[in-house]
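Novice: Position 35 of the sequence shown, counting from 1, maps to 35 under this note's numbering, and the rest follow consecutively.
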Amino acid sequence: MIAYGGTDIKELRFEQMKARIEPRDDQWIDVDICFQLADGALMPEGIEELSALLICTRGGDIIDIVPQDEGRDCEFRFTESEKQQLQSYFEREVMPRIGLRN
Numbered sequence: 001m002i003a004y005g006g007t008d009i010k011e012l013r014f015e016q017m018k019a020r021i022e023p024r025d026d027q028w029i030d031v032d033i034c035f036q037l038a039d040g041a042l043m044p045e046g047i048e049e050l051s052a053l054l055i056c057t058r059g060g061d062i063i064d065i066v067p068q069d070e071g072r073d074c075e076f077r078f079t080e081s082e083k084q085q086l087q088s089y090f091e092r093e094v095m096p097r098i099g100l101r102n
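#1: So who's on the other strand from C56, going by DSSP bridges?
#2: On a Cα-Cα basis, can you pick out the residue from I63, D73, R101, R97 that is closest to K83?
#3: Between the alpha carbons of Y89 and M17, how many angstroms are there, rounded?
#4: Pull up the distance between the alpha-carbon of T57 and that of D8, whole angstroms please.
#5: By DSSP's criteria, K18 is part of a beta bridge. Which residues make up the other side?
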């Protein structure tokens with residue numbers, strides 16, 4: 001995680017991911033992913049309940065991956081390796097549920 005305007009990087013590993021899929025309209029699908037942090041990892045200071053919002057096309061393309069705190073945008077962003085974890089989960093677990101193959 002990287003705080004906006006900050007330089008400190010804290011790499012998190014996600015476990016036990018669960019997705020909630022919510023079609024928004026004819027073009028977009030929102031995927032809320034909740035997860036646990038890997039053993040020993042600490043939540044960044046100021047975050048109570050971290051999750052991810054993936055904004056996707058109906059074709060399965062991820063347009064954005066947004067960190068959320070208690071369901072709202074927060075002052076952090078995911079690192080590339082954190083985004084990769086979420087993208088891999090999306091491809092492996094979510095795409096088949098919405099009728100798409102990777």
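Just so you know, even glycine gets a beta-carbon here, dropped at the ideal spot from N, CA and C. Only a predicted model underlies this, so the values are computations on that prediction, with no experimental measurement involved.
Specialist: A quick look at the data gives this:
#1: Numbered from its first residue, the sequence shown carries residue 56 at position 56. Per DSSP, I29, I62.
#2: In the sequence shown, the residue the question calls residue 83 occupies position 83. Nearest C-alpha to K83: I63.
#3: For the purposes of this step, residue 89 is taken as residue 89 along the sequence shown, with counting starting at 1. For the purposes of this step, residue 17 is taken as residue 17 along the sequence shown, with counting starting at 1. Between Y89 and M17, the C-alpha separation is close to 8 Å.
#4: By one-based count along the sequence shown, residue 57 stands at place 57. By one-based count along the sequence shown, residue 8 stands at place 8. In this structure, the straight-line span from the alpha carbon of T57 to that of D8 is close to 32 Å.
#5: As a first step, residue 18 must be located in the sequence shown, where it is residue number 18. K18 is bridged to C34.
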